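Participant:
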């Protein structure tokens, strides 16, 4: 069954389309009969409805465009019906009065089409072969974008500029005086012609940005000057940006000059606040320019269709870091063979690759830990107060239709029902952002779970935080947004954003980290401690939820592995159809977990063990499993990760030296410059090893 919000929305959309068809019919009847009140009312309502839908339901109007009934056709039909209506009104001379109106109307449409052509030219001149962020690109002669109603909003421009025409024509229909129609048309014509001329100024040399050849030369020069050594490569859809964002702090802390390489233009603004330079290069031909840069290592948090394109560059070494580790098959994708190395958290992932037998050699698997888990607080014992905070963070349904991927469909409501039945439980529900994107049943179950939690909150009461808590959250939100959100004009395009997002201020990264910490504290303090929370926004992050929770309930996913760094109790739902023994054997990450069946009857026992540590028989296994999954805590993961990056960079240097020697025709002989470069790389790697030993 469709969810509750879909039916009314579809009904509204269908009603809007029906109203537009009725308006056109009424306008036609009013023009032909003629019935002047009907004619005027239908003409005004028809245009007004289109204006409203342009703002409220642009997707609905796009459907009309696919059947060749786009905004231009609709407005032209409206204007033609108005002219037909005026022909049938007594007192208006068609030759002496209406002919000039018709000619002026045609001139208005002529300027409209000219404006469209100019807009296309302007957009082309304002499209560079790449997009940057955190880089001073002023040398590309970047300037503010033209008003979007002129350059990009063709439909809205035509409708808004037609308002004076329709108003004047309606006054003519009332007064039978063509003077009013002429005034309205003159205003519309002046707006259209003036807008076209103004938009055309962006084609003049003063406002023209650098051409493609100049821009690519600038990019080459910037790469030569910045000399990036290690980077992160990412390509994906709009909902996948979290996979890259989780690695930002780790990338920024590596030795060398980091860089982020993207492929989709929209992704530039999806990357969270960072000081690392960002370059988006959509075309493969331009991407190959990285081969001639100083870039040695690229880290890959995800596989995508475009990953194979960057792997063509042999001078760069590629490491697959993944965006999370779990026992799922997707964590051992055969695509991993394409990378030079596969970086994993600990021995468990190494074993997983060998058991999967997908062609990844053991020597290419490097254990680096999970550096980004540092903010997760360790286990501090049983809940201190009356309430036990439970985090239920199920994963999504995945692409393969396996019922064991997510607990939301088969067990989610039962788990939540059992938790809500305990008056001493505070539930934090944080579903995966892609829940319901493949299987509608998951989306429907997610909706029902949220309704259950909302109803449970309505039955609860207790002390409320004072108004100062909300004020502090508002203050922290403003402070965080000021650091992490760029305020752009509505008309800003990617080139204007490039200009505004140049070189970041020194110390911004540290300021952002402090602001996030302050915001998270203010967020949790702004709600009653007894209130259940549904968290579907990016903030607070999953790690902040970990720190609030006394126990986690999840599925077989990377959430479990990350949570284990705290060594707190956790449970995993078994909706796979396997027996508990088989489930534990097939998914090692659940070895130290309480296993929940779809009926969730084990929830009461789980809560009892959390509240009474002497009944927690899995504490020792959690400590052992943590090291098995995430590797040793000494040396720290950040040190091991940096060491792996330096070692892989040294391999890239060695390959370049070999290739230069082959091209020079003197096998085995190296120039002094090559020797120095190799020794520098080795010194860095040895330095990292010394640091590791010291730690």
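In the working numbering, the protein residues as written are 1 to 695. Where is the CB? At the ideal position from N, CA and C, for every residue including glycine. All figures in this text were calculated on a predicted structure; none of them were measured in a lab.
1) Do the CB positions of residue 591 and residue 621 come within less than 8 Å of each other?
2) Which residues mark the beginning and the end of the alpha helix (DSSP H) in which residue 37 is found?
3) Assuming residue 560 and residue 572 make a contact with CB atoms under 8 Å, what is their CB distance in whole Å?
4) Is residue 244 closer than 8 Å to residue 234 when the C-beta atoms are compared?
5) Just the C-alpha distance for residue 635 and residue 272, rounded to the nearest angstrom, thanks.
6) Quick check: residue 557 and residue 370, are their CB atoms within less than 8 Å of each other?
7) Starting from residue 546, trace the alpha helix (DSSP H) both ways and give me its first and last residue.
8) I need the straight-line Cα distance from residue 399 to residue 159, nearest angstrom please.
9) So, helix, strand or coil for residue 234, using DSSP?
10) If I measure Cβ to Cβ from residue 20 and keep anything under 6 Å in the same chain, skipping five residues before and after, which residues do I get?
11) Give the secondary structure of residue 435 by DSSP, where H, G and I count as helix, E and B as strand, and everything else as coil.
12) Looking at residue 327: is its Cβ nearer than 8 Å to the Cβ of residue 588?
13) Decide if residue 67 is buried, meaning its Cβ has at least 16 other Cβ atoms within 10 Å, or exposed.
14) Can you tell me the Cα-Cα spacing of residue 214 and residue 140, whole angstroms?
15) Going by DSSP, name the residue or residues bridged to residue 258.
16) Within 10 angstroms of the Cβ of residue 292, are there 16 or more other Cβ atoms? Answer buried if so, exposed if not.
17) Indicate whether the contact test is met: 3 or more Cβ pairs, each with one atom in the segment 347–356 and one in the segment 605–620, closer than 8 Å.
18) Here's a check: name, in chain order, each residue in its chain whose Cβ is nearer than 7 Å to the Cβ of residue 238, leaving out the five neighbours to either side.
19) Could you spell out where the beta strand (DSSP E) holding residue 74 opens and where it closes?
20) Flag this pair as yes or no: are the beta carbons of residue 296 and residue 316 separated by less than 8 Å?
21) Do you know how far the Cα of residue 121 is from the Cα of residue 57?
22) Give me the Cα-Cα distance between residue 124 and residue 484, rounded to the nearest whole angstrom.
23) Under the rule that 16 or more other beta-carbon atoms within 10 Å means buried, what is residue 73, buried or exposed?
24) What separation, rounded to the nearest whole angstrom, lies between the Cα atoms of residue 375 and residue 433?
25) Mind checking residue 474: buried by the 16 CB within 10 Å criterion, or exposed?
26) What does the alpha-carbon distance come out to for the pair residue 487 and residue 386?
27) By DSSP, does residue 531 sit in helix, in strand, or in coil?
28) By Cβ distance below 6 Å, which residues in the same chain neighbour residue 673 in space, the five residues on each side in sequence not counted?
29) Would you call the segment 133–151 and the segment 275–285 in contact, with 3 or more CB pairs under 8 Å?
30) So for residue 559, helix, strand or coil by DSSP?
31) Relative to the alpha-carbon of residue 256, which residue among 226, 552, 517 has its alpha-carbon at the smallest distance?
32) Roughly how many angstroms lie between the CA atoms of residue 89 and residue 144, to the nearest whole one?
33) Excluding the 5 residues preceding and the 5 following residue 77 in the sequence, name in chain order all residues of the same chain whose CB lies nearer than 8 Å to its CB.
34) Return the first residue and the last residue of the alpha helix (DSSP H) that residue 299 is part of.
35) State buried or exposed for residue 551, treating a residue as buried only when at least 16 other CB atoms are found within 10 Å of its CB.
36) For residue 247, I'd like the list of residues in its chain whose CB is within less than 8 Å of its CB, leaving aside the five on either flank, ordered along the chain.
Facilitator: Put simply:
1) yes
2) 36–56
3) 6 Å
4) yes
5) 29 Å
6) no
7) 542–548
8) 43 Å
9) strand
10) 49
11) coil
12) yes
13) exposed
14) 8 Å
15) 230
16) exposed
17) no
18) 266, 270
19) Run containing residue 74: none in the beta strand (DSSP E); it sits in the alpha helix (DSSP H), 71–87.
20) yes
21) 28 Å
22) 30 Å
23) exposed
24) 22 Å
25) exposed
26) 44 Å
27) coil
28) Only weak support exists for where residue 673 lies, its pLDDT of 46 falling under 50; the value from the coordinates is given anyway. Same-chain partners within the cutoff: there are none.
29) yes
30) helix
31) 226
32) 49 Å
33) 24
34) Not the alpha helix (DSSP H): residue 299 falls in the beta strand (DSSP E), residues 297–300.
35) buried
36) 232, 299, 301, 321, 323, 372
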